[in-house]
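The opening residue of the sequence shown carries number 18 in the working numbering; numbering runs sequentially from there.
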Amino acid sequence: MTTGRDLPSIAVLGSINMDLVTTTEHRPRPGATVRGTGFATVPGGKGANQAVAAARAGARVDFVGAVGDDVFAPALRATLTEAGIGIGHLRTEPGPSGVATIVVDGDGENSIIVVGGANAALTELGAADLAVIAAADILLCQLEIPLDTVAAGIAHAAAHATTVVLNPSPVAALPAEVWADVDVAVVNSGEARELGAALAGVAHVVTTLGGDGARYRGPDGLVIARPSFRVEVVDTTGAGDSFTGALAAAWHRGPEAALEYACAAGALATTTLGASRSIPTAAAIDSLLGRS
Ligand code: RIB
């Protein structure tokens, strides 16, 4: 059920982290110490980033996830509410929130270590969580929360004709019955290689190719390739999340339009340091596409 021409409703079931971002010219090799050029705490997490991306791209978004009861929780919650995302299904777990230690080098490339914290405690979905998934046009998931919870959300979505968009990242093995309920998979080229045959049965597969753009493969073998937009890259962290959230928000316009929209969002996300800070609005995306 689409709620308006450009206002799909999206339930995001996923992670939310505080990103501890250090910039440096060259990332250290094992055993080496290098000088950093800056440090920032920036709300992130693949689930939250994709929720913010979908909301800024114009979707109505509810977030199902968990923060801790630590010093980071208020800022994490605020990131969602400031984007207009419903947080009625964001629970607070005792203990730390999820954190990601991120090193960004002079080329804008990153290394990330994620510690699950409260995300790991999201082991069950309640009746209200399931109801928001059933009522949404799209369920958008990643794999930074317990896989059984993702599987339960996807099964419930499929049973209620909610379109399932899965970004299987960080990549993990999922049972065949979970893949059978996935309508759209969004992967990078490394994930595509690792998942191999699991993706063959998914109707719509979108593969991000970094500087080479993105590629869509549809149910009848239709392939659409889209080159990347040329931008000045500062930090690639969260670019895939911006791409995926924007793709979900634009999915009702059809794969070709959604792919172009997502590529513009992903490119813009690389131009600013920090995942959630860099996620573009619909106006910025439209401007890059020459529509404003
Ligand atoms: O995809 C980028 C995200 O991965 C970061 O925001 C970090 O929190 C990790 O989840």
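Using N, Cα and C, we set each Cβ at its ideal position, and we do this for glycine too. The model shown is predicted, which means the values in this text are computed figures rather than measured ones.
Query raised in the report: Three-state secondary structure (DSSP) at H173?
Result: In the sequence shown, counting from the first residue as 1, residue 173 sits at position 156. Three-state result, H173: helix.
Query raised in the report: From D200 to A72, what does the alpha carbon distance come to, in whole angstroms?
Result: For the purposes of this step, residue 200 is taken as residue 183 along the sequence shown, with counting starting at 1. For the purposes of this step, residue 72 is taken as residue 55 along the sequence shown, with counting starting at 1. Looking at the two C-alpha atoms, the distance is approximately 21 angstroms.
Query raised in the report: Using the C-alpha atoms, what's the distance from G62 back to Y233?
Result: Here residue 233 refers to the residue found at position 216 of the sequence shown. Here residue 62 refers to the residue found at position 45 of the sequence shown. Y233 and G62: Cα-Cα distance of roughly 25 angstroms.
Query raised in the report: Nearest-angstrom Cα distance between V248 and A144?
Result: Counting from one through the sequence shown, the residue named residue 248 turns up at place 231. Counting from one through the sequence shown, the residue named residue 144 turns up at place 127. Their Cα atoms are separated by approximately 44 angstroms.
Requested in this report: Please go through the same chain and pick out, in chain order, the residues whose beta-carbon is closer than 7 angstroms to the beta-carbon of H106, but skip the five residues on each side of it.
Outcome: Numbered from 1 along the sequence shown, position 89 holds the residue referred to as residue 106. So the list reads D79, F80, V81, A145, D146 and V149, once near-sequence residues are dropped.
Query raised in the report: Cβ-heavy atom distance between A284 and the ligand RIB below 6 angstroms?
Result: Against the sequence shown, residue 284 aligns to sequence position 267. Not a single heavy atom of the ligand RIB lies less than 6 angstroms from the C-beta of A284.
Query - Own chain residues within Cβ distance below 8 angstroms of T287, not counting five before or after - result: For the purposes of this step, residue 287 is taken as the residue at position 270 of the sequence shown. Within the same chain, T287 has close Cβ partners G125, V248, V250, V251, D252, T253, A256 and S295.
Query raised in the report: Which runs of the alpha helix (DSSP H) spanning at least 4 residues fall entirely within the segment 44-81, listed in chain order?
Result: 63-73
**Report entry** I171 beta carbon less than 7 angstroms from that of V132
**Finding:** To locate residue 132, count along the sequence shown from 1; it is residue 115. To locate residue 171, count along the sequence shown from 1; it is residue 154. No, they are not a contact pair.
Query raised in the report: Does the Cβ of D258 lie closer than 6 angstroms to at least one heavy atom of the ligand RIB?
Result: The residue you call residue 258 lines up with position 241 of the sequence shown. Flag set: Cβ of D258 near the ligand RIB.
Report task. Taking the CB atoms as reference points, tell me whether A70 and G227 lie closer together than 7 angstroms. Result -> Counted from its first residue, the sequence shown places residue 70 at position 53. Counted from its first residue, the sequence shown places residue 227 at position 210. Judged by beta-carbon spacing, G227 lies beyond the 7 angstroms limit of A70, meaning their Cβ atoms are not closer than that value.
Query raised in the report: Per DSSP, T224 forms a beta bridge with which residues?
Result: As a position in the sequence shown, residue 224 is number 207, starting the count at 1. Answer by DSSP bridge pairing, in chain order: V204 and R232.
Query raised in the report: Just to confirm, are V38 and I130 a CB contact at a threshold of 7 angstroms?
Result: Counting from one through the sequence shown, the residue named residue 38 turns up at place 21. Counting from one through the sequence shown, the residue named residue 130 turns up at place 113. In this structure, the beta-carbon distance from V38 to I130 does not fall below 7 angstroms.
Requested in this report: Rounded to whole angstroms, what's the CA-CA distance from L157 to V222? Just pull it up for me.
Outcome: As a first step, residue 157 must be located in the sequence shown, where it is residue number 140. As a first step, residue 222 must be located in the sequence shown, where it is residue number 205. Cα to Cα, L157 sits roughly 14 angstroms from V222.
**Report entry** Uninterrupted beta strand (DSSP E) stretches inside the segment 235-285 (no shorter than 3 residues)
**Finding:** Fully enclosed beta strand (DSSP E) runs of 3 or longer: 240-243.
Query raised in the report: Where does P111 land, buried or exposed, given buried means 16+ other C-beta within 10 angstroms?
Result: The residue you call residue 111 lines up with position 94 of the sequence shown. Burial call: exposed.
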